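S.K.: Heads up: the sequence shown begins at 2 in this note's numbering, then just goes up one per residue.
The beta-carbon is built from N, C-alpha and C at its ideal position, and this holds for glycine as well.
Computed from a predicted structure; not experimentally measured.
Below you will find the structure I want to go over with you.
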Amino acid sequence: MTRSILILGGTADARILAGKLADKTGCRILLSMAGRTREPVQQPVPMRTGGFGGASGLAEFITQHGFDLLVDATHPYASRISPNARQAAQQVNIPLVALERPAWERHPSDRWVSVADVESAVVALGRHGTRVFLALGRQELLPFEAAPHHDYLIRSVDPVEPPLNLPRARYITARGPFTVEDELSLLSENRITHIVSKNSGGAAAYAKIQAARELGIGVVMIDRPVRGEGATVPSIDAALAAIDHQLSLLEERGE
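The structure is reproduced here in structure tokens:
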């Protein structure tokens with residue numbers, strides 16, 4: 002029997018995991034993306050975009066398309082979809098494997114200020130004008146209009162449209178990953194004094210954090226949201242092992 006796996010993606014980890022699963026298991030795989038990026042990176046498996054309509058909508062989708070296993074490989078800050086995934090898996094009684102890469106840990110030389118959310122990050126930048134590199138998604142930029150006294154450098158995969166209502170904001174469209182050398186040049190050439198970043202974890206986005214450390218630049222680090230209960234695996238290899246285990250259990254039970 003050919004098994005079917007639904008992967009909830011939006012990260013490089015999801016893309017890599019999907020490719021490895023397709024090569025290794027021979028399962029039918031569908032990768033689901035939120036669709037926030039206009040031109041997503043080409044994926045190694047069939048893909049759909051858009052939401053499901055909450056946990057009940059996801060459960061219905063799983064049932065309609067006959068999926069045997071659900072994999073949550075969404076971004077650590079995608080706080081809604083992960084609880085929905087747990088609820089949906091419980092509703093339709095299929096296994097769930099949740100991949101959550103470990104958060105970055107503060108190095109003794111890091112100059113971090115930890116905050117709970119984007120609005121707190123705006124406050125943490127202070128009342129005196131600074132040169133800020135915003136390493137955030139387009140959907141999270143609007144609160145910085147409340148602090149027009151800073152100079153902003155904003156990098157995003159897609160253009161920020163419309164531009165923010167800020168007197169001094171410059172925009173770069175680029176897709177990572179970036180090397181430490183790239184980030185050192187970017188930060189130095191633009192005389193950046195502060196970075197605002199989310200603690201995404203993993204290696205793909207870490208170069209800017211290492212570059213900030215080497216240059217002595219302050220980082221306003223937005224903490225991860227609490228994702229609730231449920232076991233997670235910390236790496237792609239661990240996710241592959243967990244998926245293999247769940248597929249074996251399905252075979253043993255004859256489901």
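Express the C-alpha separation of R81 and F62 in angstroms, rounding to a whole number.
M.R.: For the purposes of this step, residue 62 is taken as the residue at position 61 of the sequence shown. For the purposes of this step, residue 81 is taken as the residue at position 80 of the sequence shown. So the two alpha carbons sit approximately 17 Å from each other.
S.K.: Is the beta carbon of A321 sitting closer than 9 Å to the one on V72?
M.R.: A query on residue 321 cannot be resolved here, the shown segment of the chain reaching from 2 to 256 and no further.
S.K.: With H, G and I counted as helix, E and B as strand and the rest as coil, what does DSSP make of T50?
M.R.: Against the sequence shown, residue 50 aligns to sequence position 49. The answer is strand: DSSP assigns T50 an E or B state.
S.K.: Straight-line CA distance for R139 to S115?
M.R.: As a position in the sequence shown, residue 139 is number 138, starting the count at 1. As a position in the sequence shown, residue 115 is number 114, starting the count at 1. Using only the alpha carbons, I get a separation of about 21 Å.
S.K.: In this structure, does DSSP put T26 in helix, strand or coil?
M.R.: Counting from 1 along the sequence shown, the entry for residue 26 is found at position 25. Three-state DSSP puts T26 in a helix.
S.K.: Tell me V199's beta-bridge partners as DSSP assigns them.
M.R.: In the sequence shown, the residue the question calls residue 199 occupies position 198. Going by the sequence as given, residue 199 is Lys instead of Val. Paired residues: I223.
S.K.: What are the boundary residues of the beta strand (DSSP E) that includes I173?
M.R.: The residue you call residue 173 lines up with position 172 of the sequence shown. Residues A170 to T174.
S.K.: Grouping DSSP H, G and I as helix and E and B as strand, with all else coil, what is D111?
M.R.: Numbered from 1 along the sequence shown, position 110 holds the residue referred to as residue 111. In the structure shown, D111 sits in coil (DSSP, three-state: anything other than H, G, I, E or B).
S.K.: Here's the rule I'm using: 16 or more other beta-carbon atoms within 10 Å means buried, otherwise exposed. How should S33 be labelled?
M.R.: Counting from 1 along the sequence shown, the entry for residue 33 is found at position 32. Buried is the call here.
S.K.: Check whether the stretch 224–239 and the stretch 88–104 are in contact - that is, three or more C-beta pairs closer than 8 Å.
M.R.: Judged by Cβ distances under 8 Å, the stretch 224–239 makes contact with the stretch 88–104, as three or more pairs qualify.
S.K.: Among A136, D245 and Q211, which has the Cα closest to the Cα of V119?
M.R.: Position 118 of the sequence shown, counted from the start, is the residue given in the question as residue 119. It is A136 whose Cα lies nearest to the Cα of V119.
S.K.: Assuming L154 is part of the beta strand (DSSP E), what are its boundary residues?
M.R.: On the sequence shown, position 153 is the one that residue 154 refers to. It spans D152 to S157 - the beta strand (DSSP E) in which L154 sits, taken as one unbroken run.
S.K.: State the beta-bridge partners of D118 as determined by DSSP.
M.R.: What you label residue 118 is simply residue 117 of the sequence shown in a count that begins at 1. According to DSSP, D118 bridges with nothing at all.
S.K.: Anyone know if the C-beta pair for G202 and R112 falls short of 9 Å?
M.R.: As a working mapping, residue 202 is identified with position 201 in the sequence shown. As a working mapping, residue 112 is identified with position 111 in the sequence shown. Their beta carbons are not under 9 Å apart, which means G202 does not touch R112 by this criterion.
S.K.: Between T26, T50, A74 and G27, which lies nearest to I8 when the distance is taken from Cα to Cα?
M.R.: Numbered from its first residue, the sequence shown carries residue 8 at position 7. When only C-alpha atoms are compared, the closest one is A74.
S.K.: Sort out for me which residues DSSP pairs I17 with in a bridge.
M.R.: For the purposes of this step, residue 17 is identified with residue 16 of the sequence shown, where counting begins at 1. Looking at the DSSP assignment, I17 forms no beta bridge with any residue, so it has no partner.
S.K.: DSSP three-state label for F134, please.
M.R.: Working through the sequence shown from its first residue, we reach residue 134 at position 133. F134 falls in the strand class under three-state DSSP.
S.K.: Is the beta carbon of V70 sitting closer than 9 Å to the one on R4?
M.R.: Locating residue 70 in the sequence shown gives position 69, where the first residue counts as 1. Locating residue 4 in the sequence shown gives position 3, where the first residue counts as 1. Looking at the sequence shown, residue 70 is not Val but Leu. Going by C-beta atoms, L70 is nearer than 9 Å to R4.
S.K.: R169 to Y153, Cα distance in whole Å?
M.R.: Taking the sequence shown and counting its residues from 1, the one referred to as residue 169 is at position 168. Taking the sequence shown and counting its residues from 1, the one referred to as residue 153 is at position 152. Going by the C-alpha atoms only, they are around 6 Å apart.
S.K.: If the criterion is Cβ atoms closer than 9 Å, does the pair L165 and I155 meet it?
M.R.: The residue you call residue 165 lines up with position 164 of the sequence shown. The residue you call residue 155 lines up with position 154 of the sequence shown. Cβ atoms of L165 and I155: closer than 9 Å.
S.K.: State the Cα-Cα distance for the pair V221 and Q65, rounded to the nearest angstrom.
M.R.: Mapped onto the sequence shown, residue 221 falls at position 220. Mapped onto the sequence shown, residue 65 falls at position 64. Taking the straight line joining both Cα atoms gives about 44 Å.
S.K.: Based on the DSSP secondary-structure assignment, which residues constitute the bridge partners of V72?
M.R.: Your numbering for residue 72 matches position 71 in the sequence shown. In the DSSP output, where bridge partners are listed per residue, V72 has I8 and V98.
S.K.: Here's a check: name, in chain order, each residue in its chain whose Cβ is nearer than 7 Å to the Cβ of R225, leaving out the five neighbours to either side.
M.R.: Position 224 of the sequence shown holds residue 225. Excluding residues within five positions, the ones whose Cβ falls inside 7 Å are P77, Y78, A104 and N200.
S.K.: I'd like to know whether the C-beta atoms of P163 and A208 end up nearer to each other than 9 Å.
M.R.: Start at 1 with the first residue of the sequence shown, and residue 163 comes out as number 162. Start at 1 with the first residue of the sequence shown, and residue 208 comes out as number 207. Their beta carbons are not under 9 Å apart, which means P163 does not touch A208 by this criterion.
S.K.: Taking C-beta to C-beta, are A60 and Q43 nearer than 9 Å?
M.R.: Counting from 1 along the sequence shown, the entry for residue 60 is found at position 59. Counting from 1 along the sequence shown, the entry for residue 43 is found at position 42. Against a cut-off of 9 Å, the Cβ pair of Q43 and A60 comes out as no contact.
S.K.: Of the choices P160, L31, N85 and A148, whose alpha-carbon is the least far from that of P53?
M.R.: Here the question's residue 53 lines up with position 52 in the sequence shown. Residue identity check: residue 53 is Phe in the sequence provided, not Pro. Selected option, being the one with the closest Cα: N85.
S.K.: Around the C-beta of G10, are 16 or more other C-beta atoms found within 10 angstroms, so that it is buried, or is it exposed?
M.R.: Taking the first residue of the sequence shown as position 1, residue 10 is located at position 9. That one is buried.
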